[in-house]
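Number of protein chains: 2
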Amino acid sequence: MSSTLPQPSIDEIEIVPVLQALADPVRLELIRALRSNPSPRSCAVTEYDVEISAPTLSHHWKVLREAGLTTTFVEGRTRWVELRTEDVHARFPGLLDAVLA
Amino acid sequence: MSSTLPQPSIDEIEIVPVLQALADPVRLELIRALRSNPSPRSCAVTEYDVEISAPTLSHHWKVLREAGLTTTFVEGRTRWVELRTEDVHARFPGLLDAVLA
DNA sequence: CGGACTATTCGATGACTGTCAAATAGTTTG
DNA sequence: CAAACTATTTGACAGTCATCGAATAGTCCG
Chain A
1 MSSTLPQPSI DEIEIVPVLQ ALADPVRLEL IRALRSNPSP RSCAVTEYDV EISAPTLSHH
61 WKVLREAGLT TTFVEGRTRW VELRTEDVHA RFPGLLDAVL A
Chain B
102 MSSTLPQPSI DEIEIVPVLQ ALADPVRLEL IRALRSNPSP RSCAVTEYDV EISAPTLSHH
162 WKVLREAGLT TTFVEGRTRW VELRTEDVHA RFPGLLDAVL A
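Keeping their order, the protein sequence lines are chains A and B.
Quick note: the first sequence, position 73, residue 73 per my numbering, numbers continuous.
Quick note: to get my numbering, add 101 to the position in the second sequence (first position is 1).
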């Protein structure tokens, strides 16, 4: 059994939640990691160079997903997270490039 | 006597404070107002279509200025605020365009 | 089934934030 | 100087947020 966690459609992506999601050092680092490596990647706390607990990381994934920045796939015990590069670009062209430069 | 309120130099503009400053509906509206009208503009609460008190507006101007997004000139009793369009673009090319689109 | 594993949810906590009323600082004008 | 004016600072407050430990849900494997 595999599925996708709830996320806003392209039209539902709003600038304020997106900026709020990006305006955190940890989440910005996660976005950078997603961009620099091939997608999708595991959600596991061991996969990222962040000094936070598993519950906190899970919280950050949720914030990013609900803002419309990422997609999370459920597959068995693991989660796969992917940057919604094209969707974000369609809604706010150049934003990710500008933020991650 | 005229002067400029303290603000970060171009090199000191950091992405996280910038995003934090932009991630507020009122401040985003202020940035939009600054962009759409010729600069500099007054800081007065009566000049903007926001439903907040004068102290709160003053607080928002400070957040924007300390993030490096605006410059505030002191001239007598009034303050003139200006978007640091070129500086922000030099540091994070395309950011303002992407956010305000 | 039962243990190991991945990840989330829950509850609590300390820090930060947006907001306002009141007081204050500095400037202009009468 | 005194009053009016623009704007900030201070102090307080309610709400939000990042964080963690503990508990929970669901999955895989022996």
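Think of the CB as a built atom: it goes at the ideal place given N, C-alpha and C, for glycine as much as any other residue.
Alpha carbon of residue i to alpha carbon of residue j, nearest angstrom
i                     : j                     : result
residue 172 (chain B) : residue 18 (chain A)  : 25 Å
residue 241 (chain B) : residue 187 (chain B) : The first residue shown for chain B is 102 and the last is 202, placing residue 241 (chain B) beyond what the model contains.
residue 22 (chain A)  : residue 57 (chain A)  : 14 Å
residue 104 (chain B) : residue 79 (chain A)  : 54 Å
residue 132 (chain A) : residue 45 (chain A)  : With chain A covering only 1 through 101, there is no way to say anything about residue 132 (chain A).
residue 165 (chain B) : residue 110 (chain B) : 14 Å
residue 176 (chain B) : residue 182 (chain B) : 11 Å
residue 11 (chain A)  : residue 20 (chain A)  : 18 Å
residue 174 (chain B) : residue 5 (chain A)   : 49 Å
residue 30 (chain A)  : residue 16 (chain A)  : 19 Å
residue 104 (chain A) : residue 148 (chain B) : With chain A covering only 1 through 101, there is no way to say anything about residue 104 (chain A).
Cβ neighbour criterion (16 or more within 10 Å) applied to residue i
i                     : result
residue 169 (chain B) : buried
residue 32 (chain A)  : exposed
residue 178 (chain B) : exposed
residue 35 (chain A)  : exposed
Check your understanding: Closer than 8 Å, Cβ to any Cβ of chain B: which residues of the stretch 7-26 of chain A, in chain order?
Key -> 15, 16, 19, 20, 22, 23, 24 and 25
Should the stretch 84-101 of chain A be regarded as contacting the stretch 50-57 of chain A, the criterion being three or more beta carbon pairs within less than 8 Å? no
query: What are the complete beta strand (DSSP E) segments, minimum 3 residues, inside the stretch 123-190 of chain B?
result: Listed in chain order, the complete beta strand (DSSP E) runs (minimum 3 residues) inside the stretch 123-190 of chain B are 171-176 and 179-184.
- What residues from the stretch 188-199 of chain B come within 7 Å of chain A, judged by C-beta to C-beta, listed N to C? Contact residues of the stretch 188-199 of chain B toward chain A are 193, 194, 195, 196, 198 and 199 (C-beta to C-beta distance below 7 Å).
Inset, instruction - For the stretch 53-77 of chain A, enumerate the residues whose C-beta is nearer than 9 Å to any C-beta of chain B, in chain order. - result: none
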